[in-house]
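Take 343 as the starting number for the sequence shown in our numbering and just add one per residue.
Backbone N, C-alpha and C fix where the C-beta goes; we use that ideal spot for every residue, glycine too.
Since the model is a prediction, treat every value here as computed from it, not as a measurement.
Working notes, structure below.
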Amino acid sequence: MNILYSLLCLVLGYLLGSIPFALIIGKLFYHTDIRKHGSGNLGGTNAGRVLGKKAGIAVIVCDVLKVVAALGVASLISPVVATWTGLACCIGHCYPVFAHFHGGKAVSTVFGFLLGMSLFVFKDASFFLVPFAMFFITLYLFKFVSLASICGILCGTLYITAVLWYFNADNILIILACWLMSALVVYRHTKNIVAIRNGEERKISWM
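Shown next as structure tokens:
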């Protein structure tokens with residue numbers, strides 16, 4: 343029965359992640375399909391650039407909360423199931439079934455993942471605050487959201503790995519999910535990495 347519930351949580355996580363809030367908010371309130379503007383990604387960064395600051399913030403909050411919700415529900419089963427459900431939610435955000443598998447780059451959902459892990463798996467705010475601080479330090483120094491996102495999740499994953507150094511089956515599964523989360527974020531930002539190397543990546547101007 344636990345296996346069935348675990349699989350249902352993974353499916354729920356993916357479906358929640360697949361809800362394209364950037365597309366919904368863009369079409370509902372701005373009559374704009376942001377897939378046809380800016381970078382074309384269904385994420386908070388592109389929503390902010392195309393639709394404005396308020397829309398960008400709304401998308402980011404919704405994208406964060408959908409992962410936190412998924413983790414919260416799955417934590418009723420176990421910390422391991424919660425972690426993998428959070429990963430499934432982020433995969434759904436990147437490859438949403440409700441938007442022809444064309445989604446965002448998991449920037450907001452990564453921090454939803456880390457926030458959910460802090461609240462429901464570790465019950466320790468440092469698992470969110472440490473990578474969040476790394477994100478803003480990197481963003482302040484280099485002005486690239488993409489680079490800051492990569493550094494943030496890698497920092498969070500390294501922190502989790504260091505804390506769970508006493509390996510057992512559950513810890514290994516949690517660590518594996520976190521490293522897969524990191525790999526997903528790096529993969530989704532491959533073009534950004536190339537653009538940074540070529541001096542073509544757009545920098546933020548508000549910091």
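Scanning Asn344, Ser360, Arg391 for the CA closest to the CA of Thr374 turns up Arg391. For Tyr372, the enclosing alpha helix (DSSP H) begins and ends at 363-372. The C-alpha of Pro473 lies about 20 Å from the C-alpha of Gly446.
Non-local C-beta neighbours of Phe477 in its own chain, meaning closer than 6 Å and more than five positions away in sequence, comprise Ala490, Gly494, ordered along the chain. In this structure Phe470 is buried. Its beta-carbon is surrounded by 16 or more other beta-carbon atoms within 10 angstroms. With distances taken between CA atoms, Lys485 lies nearest to Ile546 out of Ile546, Gly359, Leu352, Leu393.
Under the rule that a run must span 4 or more residues, the alpha helix (DSSP H) segments found entirely inside the stretch 477-517 read 487-505. Taken in chain order, the complete alpha helix (DSSP H) segments of 4 residues or longer contained in the stretch 404-469 are 421-436, 449-458. For Leu350, the secondary structure class from DSSP, reduced to helix, strand or coil, is helix.
Taking a contact to require three or more Cβ pairs closer than 8 Å, the stretch 418-434 and the stretch 384-404 do not qualify as touching. Taking a cut-off of 8 Å on C-beta distances, the stretch 461-470 does not touch the stretch 432-448, as fewer than three cross pairs fall below it. In this model, Cys351 and Ile514 are separated by some 20 Å (Cα to Cα). Between Leu365 and Ala412, the C-beta gap is not smaller than 7 Å, which leaves the two residues out of contact. Judged by DSSP in its simplified three-state form, Gly394 adopts coil rather than helix or strand. The C-beta of Gly541 has fewer than 16 other C-beta atoms within 10 Å across all chains shown, which makes the residue exposed. DSSP places Arg544 in the coil class of the three-state scheme, outside both helix and strand.
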